[in-house]
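Only one structure is covered here, and it is reproduced in the block below.
Residue numbers (the numbering used here), protein chains in the order written: chain A, 25 to 280; chain B, 25 to 280.
This is the structure in structure tokens:
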């Protein structure tokens, strides 16, 4: 297996690329690689390149960049907005969201969010490692947490939001003046297949969204509400499931 | 939150039900419950019942069974056949497969399976706990591992198998005489929507299936081959994704 690394800088065939202290450590001490060994490098914009380790010290290293092995490709514009949860499932969300193909991760603080202070740097490191291992040509960025109200207030024009309404649908509730039930997720995605400029998926904390939050979401014209089956999903399961279904219905899982 | 427990025995309104030593410990010491507190009980065949704790000792307990709160319902006949992986992702597979709604988990030893000896009892305990927490009315059973060849030889008449071909499709390979590429997963599920008596999903180990295994699978008339997007999924991500997509396309996630 040839190690695949993300380089935060330019990559050009025939020129050297510096390896960070962490990358040098990882190659030397974890993967037991040495000078002369092969790499694959990508930087999120120029595709993927073959490379060779030409220097491997304790706190730095360098690679010689060879031929381009893959061209950069357009990727689905899909953001995961999620209420942070405790560390184990949080890290599962980050790792799996990257593999499934989310472009951005946006932590959202909802009413019922109970989570320790987020270490965004650590989550970004998990996201970068997952991108290196799953063969992506880009890095999924992890944003600073924002409040639920601010998320809705500053929603970008043209972007649709798949709201995964885990609490299901109560026919007696009024949904901020809008009619209609939350649809089964594939039906919801099919019916919302509009000229949207990108999509996002929103999943809640372990306790779900409050009635007020659900009502506010349902009242927004950019929101498509969907149910994720009859069982109660954990927060991490719901996030992965929603991303997978979006990719299969509207994203790059439609290609074989 | 009212604790929900699986009882391996009969449940009748008005009669007592014994609680196991583990259940008594869990209620008393983990959840801090006492005599008089409410429960929900299910046994996989008679629906769900309200109940009250009437006795809670160190090594045993009992509940008085009250009214039936939910009728037993038919559930999708979906088996997850999966190559065991190391402990962390293995437990993620078991927990998530139960939530997503798999009826049975069948570990399969493939050529490239690298996994420690499986503790089936522990995996069954994780499956039972997940069923209790996600609101299922049944328990997902965890089978003893079987070899890949035996799985195919003894395949039940009428059951279809969704083979998630992570290695993708190589147009130059011969697939045991069968033509055609692996389809994107939703397309594959739609095209295979036959009069099958139940379904199974098969996902591989971290190293994927061997060329021989893939070729054998493609040659079976009960197999539908599908791709899960352009990135390399970890074994646990692939298993969750395949189950989610099956449920949304052909299972009980079609209901709202």
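All residues carry an ideal CB built from backbone N, CA and C; glycine is no exception.
In this chain, the beta strand (DSSP E) harbouring residue 103 (chain B) covers 102–106. Residue pairing from DSSP places residue 223 (chain B) in a beta bridge opposite B:102, B:184. For residue 109 (chain A), the three-state secondary structure derived from DSSP is coil. In the three-state DSSP reduction, residue 121 (chain B) falls in the helix class (H, G or I). CA-to-CA, the gap between residue 78 (chain A) and residue 54 (chain A) works out to about 18 Å. Looking at the DSSP output, residue 42 (chain A) sits in a beta bridge with A:86.
For residue 271 (chain A), the nearest CB of chain B lies under 8 Å from its own CB, placing it at the interface with that chain. Per the DSSP secondary-structure output, residue 51 (chain B) pairs with nothing in a beta bridge.
Under the 8 Å criterion on CB atoms, residue 223 (chain B) is classed as non-interfacial with respect to chain A. Rounded to whole angstroms, residue 167 (chain B) and residue 152 (chain B) show a C-alpha spacing of 13 Å. The contact set of residue 276 (chain A) on chain B, defined by CB atoms closer than 7 Å, consists of 253, 254 in chain order.
Residue nearest to residue 36 (chain A) within the set A:127, A:75, A:60 is A:75 (criterion: CA-CA distance). Around the beta carbon of residue 95 (chain A), a 10 Å sphere encloses fewer than 16 other beta carbons of the protein chains shown; the residue is thus reported as exposed. When DSSP states are grouped into helix, strand and coil, residue 157 (chain B) belongs to the helix group. Taking a cut-off of 8 Å on C-beta distances, the region 110–121 of chain A does not touch the region 207–215 of chain A, as fewer than three cross pairs fall below it. An exposed status is given to residue 173 (chain A), since fewer than 16 other beta-carbon atoms sit within 10 Å of its beta-carbon. Leaving aside the five residues that flank residue 88 (chain B) on each side, the residues in its chain whose CB is nearer than 7 Å to its CB run, in chain order, 40, 75, 76, 78. What residue 209 (chain A) touches in chain B, judged by beta-carbon distance under 8 Å, is 272, 277, going in chain order.
A buried status is given to residue 27 (chain B), since no fewer than 16 other beta-carbon atoms sit within 10 Å of its beta-carbon. When only Cα atoms are considered, residue 215 (chain A) and residue 273 (chain A) end up about 11 Å apart.
Boundaries of the beta strand (DSSP E) harbouring residue 76 (chain A): 72–80, taken from the DSSP string. Within the region 157–173 of chain B, the residues whose Cβ lies closer than 8 Å to any Cβ of chain A are, in chain order, 157, 158, 159, 160. Within 10 angstroms of the beta-carbon of residue 238 (chain B) lie 16 or more other beta-carbons, which makes it buried. In this structure, the CA atom of residue 60 (chain B) is about 24 Å from the CA atom of residue 155 (chain B). Residues of the region 105–136 of chain B whose Cβ lies closer than 9 Å to any Cβ of chain A, in chain order: 116, 119, 120, 122, 123, 124, 125. In the same chain as residue 211 (chain A), and ignoring 5 residues on each side of it, no C-beta atom comes closer than 6 Å to its own. Look at residue 89 (chain B): its C-beta is not under 8 Å from any C-beta on chain A. Residue 132 (chain A): member of the beta strand (DSSP E) spanning 128–133, first to last residue.
The beta carbon of residue 259 (chain A) lies closer than 8 Å to those of 106, 107, 109, 113, 117, 227, 228, 229, 230 in the same chain, with the five residues before and after it left out. For residue 92 (chain B), the secondary structure class from DSSP, reduced to helix, strand or coil, is strand. At a C-beta separation below 9 Å, residue 264 (chain A) has these neighbours in chain B: 120, 261, 264, 265, 268.
A straight line joining the alpha-carbon of residue 44 (chain A) with that of residue 266 (chain A) spans about 35 Å.
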